[in-house]
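Report on the structure given below.
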Amino acid sequence: MSLSQPNNLGYPVSALLESYSFDNGSKAASNAGSLLFQASKEQIRKMFHGIKLPVSPYDTAWVAMVPCTSSPQKAQFPQCVNWLLNNQLLDGSWGLPDRQHLLMKDALLSTLASILALKQWGVGERQIVRGLEFIATNSSSATDEKQYSPVGFDVILSGMINQAKHLDINIPFRQSDADTVLHRRNIDLKRCSESLSEGSKAYLSYISEGLGKSQDLEMVMKYQRKNGSILNSPSATASVLSNLQNSGCLHYINTLLEKLGDAVPAIYPMELYTRLQLIENIEKLGVHHHFQDEIRSGLAETYKCWLNGEEDIFQDVACLAMAFRILRSHGYNVLPDCLSRVAEEVDFCNTLEGYLMDMGTVMELYRASQMIIYPDEIILEKLQYWTSRILKQRLSNSSLHVDRLEKHLQEEIDLALKFPHHANLQRFVIKRSIENYNTYNTRILKSTFRNIWGKVLLNLAVEDFNMSQVVHQEELNHLKRWVVEKELDKLQFARQKLAYCYFSAAATLSAPELSDARISWTKNGVLTTVVDDFFDLGGSREELHNLITLMEKWDVDVATDCCSDNVAIIFLALRDTICVTGGRATAWQGRNVTDHVKEIWLYLLKSMLKEAHWSAMKSIPEIDEYISNGFVSFALGPIVLPTLYFIGPKLSEAAVRGKEMLSLFELLSTSGRLLNDIQGFKRESQEGKLNTVSLQMINEGMSEEEAITSIKNWITNKRRELLKRVLEENGERTNNIPRACRDLFWKMSTVLNFFYMDEDGFTSQSMAIVVKELLQCPIVLQDDIRS
772 MSLSQPNNLG
782 YPVSALLESY
792 SFDNGSKAAS
802 NAGSLLFQAS
812 KEQIRKMFHG
822 IKLPVSPYDT
832 AWVAMVPCTS
842 SPQKAQFPQC
852 VNWLLNNQLL
862 DGSWGLPDRQ
872 HLLMKDALLS
882 TLASILALKQ
892 WGVGERQIVR
902 GLEFIATNSS
912 SATDEKQYSP
922 VGFDVILSGM
932 INQAKHLDIN
942 IPFRQSDADT
952 VLHRRNIDLK
962 RCSESLSEGS
972 KAYLSYISEG
982 LGKSQDLEMV
992 MKYQRKNGSI
1002 LNSPSATASV
1012 LSNLQNSGCL
1022 HYINTLLEKL
1032 GDAVPAIYPM
1042 ELYTRLQLIE
1052 NIEKLGVHHH
1062 FQDEIRSGLA
1072 ETYKCWLNGE
1082 EDIFQDVACL
1092 AMAFRILRSH
1102 GYNVLPDCLS
1112 RVAEEVDFCN
1122 TLEGYLMDMG
1132 TVMELYRASQ
1142 MIIYPDEIIL
1152 EKLQYWTSRI
1162 LKQRLSNSSL
1172 HVDRLEKHLQ
1182 EEIDLALKFP
1192 HHANLQRFVI
1202 KRSIENYNTY
1212 NTRILKSTFR
1222 NIWGKVLLNL
1232 AVEDFNMSQV
1242 VHQEELNHLK
1252 RWVVEKELDK
1262 LQFARQKLAY
1272 CYFSAAATLS
1282 APELSDARIS
1292 WTKNGVLTTV
1302 VDDFFDLGGS
1312 REELHNLITL
1322 MEKWDVDVAT
1332 DCCSDNVAII
1342 FLALRDTICV
1352 TGGRATAWQG
1362 RNVTDHVKEI
1372 WLYLLKSMLK
1382 EAHWSAMKSI
1392 PEIDEYISNG
1402 FVSFALGPIV
1412 LPTLYFIGPK
1422 LSEAAVRGKE
1432 MLSLFELLST
1442 SGRLLNDIQG
1452 FKRESQEGKL
1462 NTVSLQMINE
1472 GMSEEEAITS
1482 IKNWITNKRR
1492 ELLKRVLEEN
1502 GERTNNIPRA
1512 CRDLFWKMST
1522 VLNFFYMDED
1532 GFTSQSMAIV
1542 VKELLQCPIV
1552 LQDDIRS
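Basically this note's numbering = 1-based index in the sequence shown + 771.
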């Protein structure tokens, strides 16, 4: 969509973007920032077409140790030996450059493995000496419990120390440190032998290079993948190949080096998982609108792999959970049956990831569990139960004094638990994700590696967020003037909630080109608040009827037909906003929709009048009657339905008035009404008003607790049904409404769930802070993160 789409500010949004300076400096600086912004986008686009996997010196060293099948005195893969010779770091180690100080154990493993490989083939004496000096300087890290431990560290390090003895290498470890590592190794292996679980066997196979000649090759070979690897691990595969002539293992490493050159990664293949991670991060950081084609293409390829049952997805629990969640969220027909093998915690522990209790995998399963759209998806409910419990446990057990990596994990868990998928307010989560984003994003397996897009993607996200915020501030200033022009600030009975209304629009429709959508959403949101207060508190019975009469007649003489100044102010504001909204929508839709917008408002006003009548007459309606009127009086109609005209796709008259649209609206509004009734029950009871909670207590004889529990279940079912309707691409009821329009209903649903998580958002002090933060505070990165 062009950035010069019509907007209510009277000038193209592109003009706003051109006026935004990345460093608040000169136009030249702005142009330079724009070029950098475009360059960052191109850099990320290229990653979709060819992701360069990070090299693992540790795994490369194990591949370098494999003897030639025809001549055991020579290396089977001499290119890996040469890579080790040429890629020692300045401090004498092999491993991550610019590593964190708490990743020294990873450096010790990579360095010792490289020394073993070079010594085995009688080369690199100078590198070996420097490597041993590094180990001597940092050997105490091997027993430092504050250091991050690679998977199987004690077993692998002990095995390599033993291997070094056979090569006459004197490893400069203090005897006490060596004894401690050996003791921990024995504890680790004893735990495995006592477990007898599939998870422990997978673990032993994964770290089999550390077991040397004592490894159970028969057991290890049970974990050979179709691609010939042992659990997609080059180091474990190379270790097997050194002890067992296996054509599958040989083919795997040959294929790996043919594709990647003279060094190998820590996991292969991992392109599919990495691509999903890239899509996940692009969406999480709010820059997905720049990469729609790339995301579509990437997901189509992923779905093809899903249908083919490829091991890349189905043998990796984290990848499987992520693929399920992302594919389902994009409308692909995927079922959770594939997750049945980890539905219970005990089943998860029978996997390698479960045996290691990998929090990253638990997080992915937790996120996947929230994508319930059918009533019988018990697998996802079970997943949600045990994963949420483990994550809460991890959070409660965390120390207050943590390093950067642990801090990022804690904040990610905290964010996921506090704001589940149904309360995931887009703009809020984007800002939190940017602030918590780990540019290093270090993953620790047997060796450590980082993602390849960290700082590029982060810088792009920050600039995109700040550019959009400038547009949002201009719009909010325009809306403040509108409130004064329409004299809405003179209505003493009405809550002044412009900032909240605009916040809910900008938080879900943040892209600059959706200016008209945000303006429509906000103006109608402000007016629904005014009208709600008018029918609730500020208007007499005569004024309420007068307002509806004026709306029905439309062409009236305000000076004579309005019974009060308040009625005149409200009617004029409604009529003007409806006309402007309808006129703006014509530019998008190519047809006049003003009558439809007016009907939406009349529908709302009459429902509010009905509730006012019940209240005045002390009537007690049946629950069904209350809900059939209450989902309309909840007042989302004028906010959501006209906004659909500004999302992009053209909507026919049949579509906007059809059963599909009514069903989406009813599901959304009923959920909202029920959420509101739970939160407002005590206050409304004190005011003598009825709502769903009190009606269930009166009509059904329930206690307050029983009524609230029943309504929460009702909300959950409505919410899941709404999500199903939004996600289904070929559903009988949704195929007339474009996905972008269906998404709007879910976005409003997340607003409601976000606002009503703990208390009524319209009176919450913490919410006021969030509103100010998102609308007024740009994100500023520290120099060490940005560079």
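C-beta: ideal position from N, C-alpha, C; glycine also.
By the Cβ-count criterion, E1246 is buried, with 16 or more other Cβ atoms from all chains shown falling within 10 Å of its own Cβ.
Counting the other Cβ atoms within 10 Å of the Cβ of K1381 gives 16 or more, which makes it buried. Around the beta-carbon of N1248, fewer than 16 other beta-carbon atoms lie within 10 Å, marking it exposed. In this structure, N1337 sits near G1309, with a CB-CB distance shorter than 9 Å.
Within the same chain, N1121 come within 6 Å of S968 by CB-CB distance, once the 5 residues on both sides are set aside.
Contact check for L1315 and F1342: beta-carbon distance about 12 Å, past the 8 Å limit, so the pair fails to qualify.
I1084: member of the alpha helix (DSSP H) spanning E1082 to F1085, first to last residue. For the region 999-1055, the full-length alpha helix (DSSP H) segments reaching 4 residues or more read 1005-1014, 1018-1031 and 1042-1055 along the chain. For P838, the three-state secondary structure derived from DSSP is strand.
Close CB contacts of Q859 within its chain, under the 8 Å cut and outside five residues either way in sequence, are with W865, S885, Q898, R901 and G902 (chain order). Within the model, the alpha-carbon separation for R1165 versus L856 is close to 42 Å. Runs of the alpha helix (DSSP H) lying entirely within the region 1366-1397 and spanning at least 4 residues: none are present.
A direct Cα-to-Cα measurement between S910 and D1147 gives close to 55 Å. A distance of 9 Å or more separates the beta carbons of A1037 and M1093. By the beta-carbon neighbour count (other beta carbons within 10 angstroms, threshold 16), K1489 is buried. Distances from the alpha-carbon of V894 to those of C851, F1236 and L873 put C851 closest.
Per DSSP, the unbroken alpha helix (DSSP H) holding I1410 starts and ends at G1408 to T1414. When C-alpha distances from K972 are compared across Q1457, L1002 and E1471, the shortest belongs to L1002. In the structure shown, R945 adopts coil according to DSSP, grouped into three states.
One thing to note: M836 has its Cβ within 9 Å of the Cβ of A888.
Within its own chain, the residues whose Cβ lies closer than 6 Å to the Cβ of L938, once the five positions on either side in sequence are excluded, are K890, listed in chain order. Less than 9 Å separates the beta-carbon of S1275 from that of F1526. Taken through DSSP and simplified to helix, strand or coil, R1221 comes out as coil.
Annotation: the continuous alpha helix (DSSP H) that includes G1353 extends over D1336 to Q1360. Of the residues G1472, H1179, W1517 and E1477, the one whose Cα lies closest to the Cα of E1492 is W1517. The C-alpha of L1318 is placed about 28 Å away from the C-alpha of Q1457. Boundaries cannot be given for T1122, as no alpha helix (DSSP H) includes it and DSSP labels it neither H nor E.
In the structure shown, Q1155 adopts helical secondary structure according to DSSP, grouped into three states.
Counting other Cβ atoms within 10 Å of its Cβ, N1462 reaches 16 or more and is therefore classed as buried. In this structure I1184 is in contact with M1134, their Cβ atoms being roughly 7 Å apart against a cut-off of 8 Å. Sequence-distant Cβ neighbours of M1130 in its own chain, meaning closer than 7 Å and more than five residues away, are R1165 and L1180. Looking at R1312, M1432, T882 and A1426, the one whose alpha-carbon comes closest to that of K1377 is R1312.
When only Cα atoms are considered, N941 and D1108 end up about 53 Å apart. Membership of E1072 in the alpha helix (DSSP H) is indicated by the continuous run Q1063 to L1078.
Just so you know, the alpha carbons of V1542 and R816 end up roughly 33 Å apart. By the C-beta density criterion, W1325 is exposed, having fewer than 16 other C-beta atoms within 10 angstroms.
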